[in-house]
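Colleague:
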Amino acid sequence: MNSGVGAAVMAFPSIESIASAGWSAPIEIIEDRAIHVWGFSLDASPSFLEQCRSWLSDDERGRAARFIRQQDQRQFILSHGGLRAVLGRYTGLDPSALMFQLSQTGKPELLNRPATQCSLRFNLSHSQGRMLIAMTMDGEIGVDLEQIHDKAEVAKLAKRFYAPAEYERVIGLSGPGQTQLFYQYWVAKEAFLKGQGVGLRSLQQCEIVQLNDSPRADITLSKDATMQPGWTIHWLDCGTGWAGAVSAYGSNWAICNMTSE
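Here the working numbering runs 1147 ahead of the position in the sequence shown, where the first position is 1.
#1: Distance, Cα to Cα, Cys1403 vs Ala1312?
#2: Can you give the Cα-Cα distance for Ser1192 and Glu1163, rounded to whole angstroms?
#3: With DSSP as the reference, label Phe1214 as helix, strand or coil.
#4: What three-state label does DSSP hand Trp1400 in the structure shown?
#5: In whole angstroms, what is the alpha-carbon distance linking Asp1241 and Glu1175?
#6: Per DSSP, Ile1182 forms a beta bridge with which residues?
#7: At a cut of 8 Å, does the stretch 1314 to 1321 reach the stretch 1359 to 1375 through at least three beta carbon pairs?
#8: Suppose the cutoff is 6 Å on Cβ atoms and the five residues either side in sequence are ignored; what does the same chain contact list for Ser1243 look like?
#9: Apply the 10 Å Cβ neighbour rule to Arg1236 and answer buried if 16 or more other Cβ atoms are within range, or exposed otherwise.
#10: Could you check where the alpha helix (DSSP H) with Phe1195 kicks off and where it finishes?
#11: Would you kindly work out how many angstroms separate the C-alpha atoms of Ala1155 and Pro1362, rounded to a whole number?
#12: For Ala1392, which beta-bridge partners are listed by DSSP?
#13: What does a CB cutoff of less than 8 Å around Gln1343 pick up in its chain, not counting 5 residues either side in sequence?
#14: Between which two residues does the alpha helix (DSSP H) carrying Ile1318 extend?
#15: At the level of alpha carbons, what is the spacing between Ser1226 and Phe1214?
#16: When the Cα atoms are used, what is the spatial distance from Gln1331 to Phe1269?
#17: Counting Cβ pairs, one atom from each stretch, are 3 or more of them under 8 Å apart for the stretch 1298 to 1307 and the stretch 1385 to 1398?
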């Protein structure tokens, strides 16, 4: 484990590594003002896929079955089964015993967490065979992970979804730098919106304000925004070809990469 904002490159071991001996040792505490971030690749044997499926609730299995593509179904089962396994380390409960309910903003939260974990909050993101889980004991949390596509029409997308100042910064660059900045803003904004339980319709209502090349950024809200102010962004180094970020209220967070290289 590595602590500190942007301290280490995230590693993405196979999600099946959670079945290895000794992996299930309990994690009894998340320090004050700390965010634990876990990364996994969603590749696994058929037997482990079935193990993850067995951990899911009837509702989750039904949601998985509605995916048309088998690949999407596998990613859903492995990512949600993996989330249950990680939560099991913090709660001491079997992954299949965890029960969830939706908060007022539509975010899932644990219904049967122990009293010592009553403030535990988490968020999940998965993209193209990888997943991130962010966890904290200090309020709501959002995380996003995206694979970078070099052929994406980033200028057109930025014009449609970004605040004017963000759009100008994106089109002020060219080539890989432009693509990288577009995705850097995208994961930051989506992590913030997920943390608040708000949909992507609010993308233009939040502007990312980064100082130089800092791995941290503030968020400025438009006058018509209904989101809670005072949140910050912390970018994650997810390796070449990927962009990731976490967002939470306040500043001075310690980002703990639980699967760092």
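Cβ coordinates follow ideal geometry from the N, Cα and C atoms, glycine included. Bear in mind that the values here come from a model prediction, so they are computed numbers and not experimental data.
Modeller: Per the coordinate set shown:
#1: Taking the sequence shown and counting its residues from 1, the one referred to as residue 1403 is at position 256. Taking the sequence shown and counting its residues from 1, the one referred to as residue 1312 is at position 165. Whole-angstrom Cα-Cα distance: 31 Å.
#2: The residue you call residue 1192 lines up with position 45 of the sequence shown. The residue you call residue 1163 lines up with position 16 of the sequence shown. If you take the alpha carbons of Ser1192 and Glu1163, they lie about 8 Å apart.
#3: Here residue 1214 refers to the residue found at position 67 of the sequence shown. If DSSP states are grouped into helix, strand and coil, Phe1214 belongs with coil.
#4: Within the sequence shown, numbered from 1, the residue matching residue 1400 stands at position 253. In this structure, Trp1400 counts as coil in the three-state DSSP scheme.
#5: Stepping through the sequence shown from its first residue, residue 1241 is reached at position 94. Stepping through the sequence shown from its first residue, residue 1175 is reached at position 28. Going by the C-alpha atoms only, they are around 15 Å apart.
#6: Your numbering for residue 1182 matches position 35 in the sequence shown. Its beta-bridge partners are Thr1283, Ile1402.
#7: Touching, no.
#8: Counted from its first residue, the sequence shown places residue 1243 at position 96. Cβ neighbours of Ser1243 beyond the five flanking positions: Trp1202.
#9: Counting from 1 along the sequence shown, the entry for residue 1236 is found at position 89. Answer is buried; the Cβ neighbour count reaches 16.
#10: As a working mapping, residue 1195 is identified with position 48 in the sequence shown. First-last of the alpha helix (DSSP H) with Phe1195: 1193 to 1202.
#11: Position 8 of the sequence shown holds residue 1155. Position 215 of the sequence shown holds residue 1362. Those two C-alpha atoms are separated by around 12 Å.
#12: Residue numbering aside, residue 1392 sits at position 245 when the sequence shown is read from its first letter. DSSP lists Asp1291, Trp1382 as partners of Ala1392.
#13: Taking the sequence shown and counting its residues from 1, the one referred to as residue 1343 is at position 196. These residues qualify, in order along the chain: Thr1252, Glu1287, Gly1289, Met1374, Gln1375, Trp1378.
#14: The residue you call residue 1318 lines up with position 171 of the sequence shown. Note, Ile1318: alpha helix (DSSP H), 1311 to 1318.
#15: Walking along the sequence shown from the start, residue 1226 turns up at place 79. Walking along the sequence shown from the start, residue 1214 turns up at place 67. One C-alpha to the other measures close to 14 Å.
#16: Translated into positions along the sequence shown, residue 1331 becomes position 184. Translated into positions along the sequence shown, residue 1269 becomes position 122. So the alpha carbons of these two residues sit roughly 21 Å apart.
#17: no
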